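There are 2 protein chains.
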Amino acid sequence: MNVQLTEKIEIIFKSTLELICEKGFHGTPMSQIAKQSDVAIGTIYHYFPSKDNLIIELFCYCKQKINNYIFSDWDSTLSYKSRFFIVMRKFCAFYLENTDMFSFMEQFHNSPYLEISRNSWEKNLNEENNIMAFLYEGMRIAELRNINIYILTSSCIGIATSFAKKVIYGPLEFTDENLNEMIEIIWNGVKQQN
Amino acid sequence: MNVQLTEKIEIIFKSTLELICEKGFHGTPMSQIAKQSDVAIGTIYHYFPSKDNLIIELFCYCKQKINNYIFSDWDSTLSYKSRFFIVMRKFCAFYLENTDMFSFMEQFHNSPYLEISRNSWEKNLNEENNIMAFLYEGMRIAELRNINIYILTSSCIGIATSFAKKVIYGPLEFTDENLNEMIEIIWNGVKQQN
DNA sequence: TGTAACCGAATGAACGTTCAATTGACAGAA
DNA sequence: TTCTGTCAATTGAACGTTCATTCGGTTACA
Numbered sequence: 001m002n003v004q005l006t007e008k009i010e011i012i013f014k015s016t017l018e019l020i021c022e023k024g025f026h027g028t029p030m031s032q033i034a035k036q037s038d039v040a041i042g043t044i045y046h047y048f049p050s051k052d053n054l055i056i057e058l059f060c061y062c063k064q065k066i067n068n069y070i071f072s073d074w075d076s077t078l079s080y081k082s083r084f085f086i087v088m089r090k091f092c093a094f095y096l097e098n099t100d101m102f103s104f105m106e107q108f109h110n111s112p113y114l115e116i117s118r119n120s121w122e123k124n125l126n127e128e129n130n131i132m133a134f135l136y137e138g139m140r141i142a143e144l145r146n147i148n149i150y151i152l153t154s155s156c157i158g159i160a161t162s163f164a165k166k167v168i169y170g171p172l173e174f175t176d177e178n179l180n181e182m183i184e185i186i187w188n189g190v191k192q193q194n
Numbered sequence: 001m002n003v004q005l006t007e008k009i010e011i012i013f014k015s016t017l018e019l020i021c022e023k024g025f026h027g028t029p030m031s032q033i034a035k036q037s038d039v040a041i042g043t044i045y046h047y048f049p050s051k052d053n054l055i056i057e058l059f060c061y062c063k064q065k066i067n068n069y070i071f072s073d074w075d076s077t078l079s080y081k082s083r084f085f086i087v088m089r090k091f092c093a094f095y096l097e098n099t100d101m102f103s104f105m106e107q108f109h110n111s112p113y114l115e116i117s118r119n120s121w122e123k124n125l126n127e128e129n130n131i132m133a134f135l136y137e138g139m140r141i142a143e144l145r146n147i148n149i150y151i152l153t154s155s156c157i158g159i160a161t162s163f164a165k166k167v168i169y170g171p172l173e174f175t176d177e178n179l180n181e182m183i184e185i186i187w188n189g190v191k192q193q194n
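Residue numbers (UniProt numbering), protein chains in the order written: chain A, 1 to 194; chain B, 1 to 194.
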């Protein structure tokens, strides 16, 4: 993140999220973002050199948000399995409480923006990296099977993302029961078999 | 699908896929699609009433392709587990042999086009529905645990999609070993525990 | 001879971006 | 306290470009 967060910037982010969620990247002109933010177009260009840059900065902002959310109140005294369930649960909960961000990030992840922005990422802030470290730990202490780390990470995130999508756009209800059912599937898949 | 497939239309589809994969929906103007297809702009409008319609028709075309691919050479004498592995393997193989389609469909799935096109879908051609039926069968014959069908479907597809993404964009190699490792995760997760 | 396929210059609207002008906040001088 | 200079913040009309779409005409062929 290269911009300092101010109230004004947060409003611009919020409006951009709402509009992109509803209309997509290219269905949301800068003029509309300005209008919805109650700000002049010039003001947006005062903070962001271009629309592309605004979108990339917004992406970084979202990654930080979810990362902070998942790993806040971290209790390392809990069993690994408990923590695994918490991580997965929080991952879903965040996106289901912030569907704008979910929609935006999914669009971003599947657009050429990802390539454009790859260089400017601080890899350490990658939302996946904390999760990856946590899964690594699971293998090290033999709670998880010994699996290629990329397969392991993408499996956990993939299943959770796809669950969230089914809840947001589809016919699935967001209940504890459904959530736990999904997490149990992946837990059974990756846990150390005994 | 509302258009008859002709050689010319397949060329237009192919060019559109390539361009959208590289540049995204709105980075690919009709003029470029025409140029790459070696066809006049007017010709495209002869077959498709609008750019949006072209994209939606292309989406339907892709869904049919993958569906035919997965369920061709279907051998119902094989064990359920074998067929499960084949479906998952073919799902990944198709997208990894057709990365243009993968990129396009992922973009489509996460764009407002999805909503626009929902009404015009024949639900039966939904790529997921054949897979859903196959998973249903697995539960009926007690090869799979009794799980909410939407959770089950989205888990299997989510994990495979996410695997394909890691191979295409990321650091994961597409080897039989990796593929099997991924499928075993989800199989362990959903199979009837004994 | 009629019709479907095909062509591409022209059109007009929409959009990202610029920039000259204005306002507001505030530090230091008087 | 008042005045003044400075600079960041803000404004939005205007600009130039790009793009989807149109349409009048041409070709292929049945």
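For every residue, glycine included, the Cβ atom is placed at its ideal position computed from N, Cα and C.
Just so it is clear, the structure is predicted and the values come from calculations on it, not from any experiment.
(request) For residue 29 of chain A, decide whether its Cβ has a neighbour in chain B, counting only Cβ atoms nearer than 8 angstroms. (result) Cβ-Cβ to chain B under 8 angstroms: no for residue 29 of chain A.
(message) If I follow the unbroken alpha helix (DSSP H) through residue 187 of chain A, where does it start and stop?
(response) Element bounds for residue 187 of chain A: 176-190.
(request) Take every Cβ of the segment 5-20 of chain B, pair it with every Cβ of the segment 30-44 of chain B, and state whether three or more of those distances are shorter than 8 angstroms. (result) Touching, per the Cβ criterion.
(request) Starting from the Cα of residue 79 of chain A, find the closest Cα among A:158, A:179, A:137, A:175 and give me that residue. (result) Taking the Cα of residue 79 of chain A as reference, the smallest distance to any Cα among A:158, A:179, A:137, A:175 is reached at A:137.
(request) Could you spell out where the alpha helix (DSSP H) holding residue 147 of chain A opens and where it closes? (result) Per DSSP, residue 147 of chain A belongs to no alpha helix (DSSP H) and is neither H nor E.
(request) Could you run through the segment 30-56 of chain B and flag, in chain order, every residue whose CB is less than 8 angstroms away from some CB of chain A? (result) If the cut-off is 8 angstroms between Cβ atoms, the segment 30-56 of chain B has nothing near chain A.
(request) Using alpha carbons as the reference points, say which of A:116, A:31, A:145, A:153 lies closest to residue 132 of chain A. (result) Ranking the options by Cα distance to residue 132 of chain A, first place goes to A:153.
(request) Could you check what DSSP says for residue 68 of chain A in three-state terms: helix, strand or coil? (result) The answer is helix: DSSP assigns residue 68 of chain A an H, G or I state.
(request) In the DSSP assignment, find the unbroken alpha helix (DSSP H) run with residue 10 of chain A in it and report its ends. (result) Element bounds for residue 10 of chain A: 7-23.
(request) Could you check if residue 115 of chain B is buried or exposed, using at least 16 other CB atoms within 10 Å of its CB as the buried criterion? (result) Under this definition residue 115 of chain B is an exposed residue.
(request) Measure the alpha-carbon distance for residue 66 of chain A versus residue 94 of chain A and round it to whole angstroms. (result) Approximately 7 angstroms between the Cα atoms of the pair.
(request) Leaving aside the five residues before and after residue 69 of chain B along the sequence, list all residues of the same chain whose C-beta is less than 7 angstroms from its C-beta, in chain order. (result) If we look at residue 69 of chain B and ignore the five residues flanking it on each side, its Cβ neighbours are 90, 94.
(message) Please list, in chain order, the chain A residues whose beta carbon lies closer than 7 angstroms to that of residue 136 of chain B.
(response) Chain A residues near residue 136 of chain B: none, gap ~15 angstroms exceeds 7 angstroms.
(request) Taking C-beta pairs closer than 8 angstroms, name the residues in chain B that residue 192 of chain A reaches, listed in chain order. (result) For residue 192 of chain A, no chain B residue has a C-beta closer than 8 angstroms to its own C-beta; the minimum C-beta separation is roughly 11 angstroms.
(request) Flag residue 107 of chain A as yes if its beta-carbon sits less than 8 angstroms from any beta-carbon of chain B, otherwise no. (result) At a cut-off of 8 angstroms, the C-beta of residue 107 of chain A has a neighbouring C-beta in chain B.
(request) Could you tell me if residue 57 of chain A is buried or exposed, where buried requires 16 or more neighbouring beta carbons within 10 angstroms of its beta carbon? (result) Classification for residue 57 of chain A: buried.
(request) Given a cut-off of 8 angstroms, decide if residue 21 of chain A and residue 104 of chain A are closer than it, judged by their beta-carbon atoms. (result) A contact, by the Cβ cut-off of 8 angstroms.
(request) Within the same chain, show all residues whose beta-carbon is closer than 7 angstroms to that of residue 51 of chain A, passing over the 5 residues directly before and after it, in chain order. (result) These residues qualify, in order along the chain: 30.
(request) Name, please, each residue of chain B whose Cβ falls closer than 7 angstroms to the Cβ of residue 181 of chain A. (result) Neighbours of residue 181 of chain A on chain B, chain order: 147, 148, 151.
(message) Assuming contact is defined by CB atoms lying nearer than 8 angstroms, are residue 188 of chain A and residue 189 of chain B in contact in what I supplied?
(response) The Cβ-Cβ distance between residue 188 of chain A and residue 189 of chain B falls below 8 angstroms.
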